[in-house]
Amino acid sequence: MSRRKWTQEKIIQTIKDLHAAGHSLSTRRMAELGYSGMVTTAYKEEFFGSWRDAIRAAGLDPKEVCKRKRKWTRERILQEIQKLYREGEDLSHSAAKRNHQYLVVVAVDDRMFGTWREAIEAAELDYEEISKHRFWSKERVIETIRELHEAGHDLSHEAAKNQHGALVSAASSRRYFGSWRGAIEAAGLDYAQIRKINRWTEKKIIDTIRRLHESGESVNNSNMRRMGYRGMMEAASRESNFGSWAAAVEAAGLDYDSIRKS
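Residue 209 in our numbering sits at position 224 of the sequence shown, and the numbers go up by one each step.
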């Protein structure tokens, strides 16, 4: 990297990229990463005059960013992916590489996940859905909600999360509406009425359990919660319905002990 032709713009962008990747910007760490040439160039009077001034030019506080940073771990990568997903970020490979380059770089390292797809799936997200992610805006969220409503889709939170996860995540992010309810109401719909659509009856619970089982999904506790069926499980466990999730599974004609172990 010492042979690279540095410009002020390249130095500033590289500083921002390294910071975004979680690196300390201390001169020692820069040397470890092979950026000694960049630091030396930054010290020149025709550039920034000092490394600290170069950091300031990138809009960062030298006192903060030169501290030792936490190292990337598998857990930290997954947490970052999940956080970005909740905020409605486009996590398709091309967009993530463009907007979160160093997250992708560390994620695809053979010591971590090997591929971006493996990282996304390890974060319990649907890679196929992520790959088809559209660029969201407030207008597009509202437009999509209205289109789904007019087409007769169930837009209660749980159903929407299962069928339209990217939409719900984008709508609920602070960047847009802050919650699914806020997005529904911004689309001119009655949230209280929308919620009533997904009232779980004994028949609906049994039909859903059978449908999931026939499609190859395990209906054990952990997998049902992972798929977003917490509301149905709570409804099934009410005394007015089955009294427990195990009883609901048995009522659907399945062996709960076998299901529990799957």
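Glycine is no exception: its CB is placed at the ideal position from the N, C-alpha and C atoms. Owing to the predicted nature of the structure, the values given are computational and were not obtained by experimental measurement.
With 16 other Cβ atoms within 10 Å as the buried cut-off, status of residue i
i      : result
Gly73  : buried
Ser243 : exposed
Glu60  : exposed
Glu143 : buried
Arg223 : exposed
Arg13  : exposed
Arg37  : buried
Ala136 : exposed
Ala16  : exposed
Ala39  : buried
Gly228 : exposed
Spatially closest choice to residue i from the options, by CA coordinates
i       : options                         : result
Glu49   : His8, His85, Leu69, Arg71       : His8
Arg195  : Thr129, His149, Leu239, Lys68   : Leu239
Lys68   : Glu135, His85, Lys(-5)          : His85
Arg96   : Gly19, Ser35, Ile62, Ser164     : Ile62
Leu133  : Ala145, Ala231, Thr(-1), Glu187 : Ala145
Thr26   : Asp2, Arg13, Lys(-5), Phe227    : Lys(-5)
Lys189  : Lys82, Asn226, Ala156           : Asn226
Ser154  : Ile130, Met217, Arg180          : Ile130
Trp165  : Gly228, Arg37, Lys123, Lys56    : Lys123
Ile66   : Phe98, Ala177, Ser222, Lys52    : Phe98
Asp192  : Thr58, Ala237, Tyr70, Gly163    : Ala237
His149  : Arg159, Ala171, His138          : His138
Ser203  : Lys246, Leu174, Phe162          : Lys246
Glu114  : Asp94, Ala6, Leu152, Glu143     : Leu152
Leu110  : Leu197, Thr12, Asp75            : Asp75
Lys171  : Arg125, Ile40, Ile105, Ser77    : One point to set straight first is that residue 171 is Ala, not Lys, in the sequence displayed. Ranking Arg125, Ile40, Ile105, Ser77 by Cα distance to Ala171 puts Arg125 first.
Tyr70   : Tyr87, Val24, Arg160, Arg215    : Arg160
Asn147  : Tyr214, Glu199, Phe32           : Tyr214
Ala6    : Met212, Lys29, Gly228, Val91    : Val91
Gln(-7) : Ser11, Gly201, Ser35            : Ser35
Phe32   : Trp57, Ile(-3), Lys56           : Ile(-3)
Contacts around residue i, its chain only, beta-carbon distance under 6 Å, and the 5 residues preceding and following it disregarded
i      : result
Arg102 : Tyr112
Ala300 : Shown here, the chain extends from -14 to 247; a query on residue 300 therefore has no answer.
Tyr241 : Ala231, Val234, Glu235
Glu187 : Asn226
Lys56  : none
Ser79  : none
Gly216 : Glu143
Residues near residue i by beta carbon distance below 7 Å, same chain, minus five either side
i      : result
Ala220 : Trp185, Ile190, Asn226
Lys52  : Ser9
Met209 : Met218
Ile105 : Ile66, Leu76, Tyr112, Ile115
Asn206 : Trp230
Val24  : Thr12, Met15, Trp36
Nonlocal neighbours in the same chain, by C-beta distance under 8 Å from residue i, ignoring five residues either side
i      : result
Ala107 : Arg59, Leu63, Phe98
Gly163 : Ser157
Leu269 : Outside the shown range of the chain, which is -14 to 247, sits residue 269, and nothing can be said about it.
Val93  : Gly99, Thr100, Trp101, Ala104
When you compare the region 34 to 46 with the region -1 to 6, are there three or more beta-carbon pairs, one atom per stretch, that lie closer than 8 Å? Result yes; three or more Cβ-Cβ pairs closer than 8 Å.
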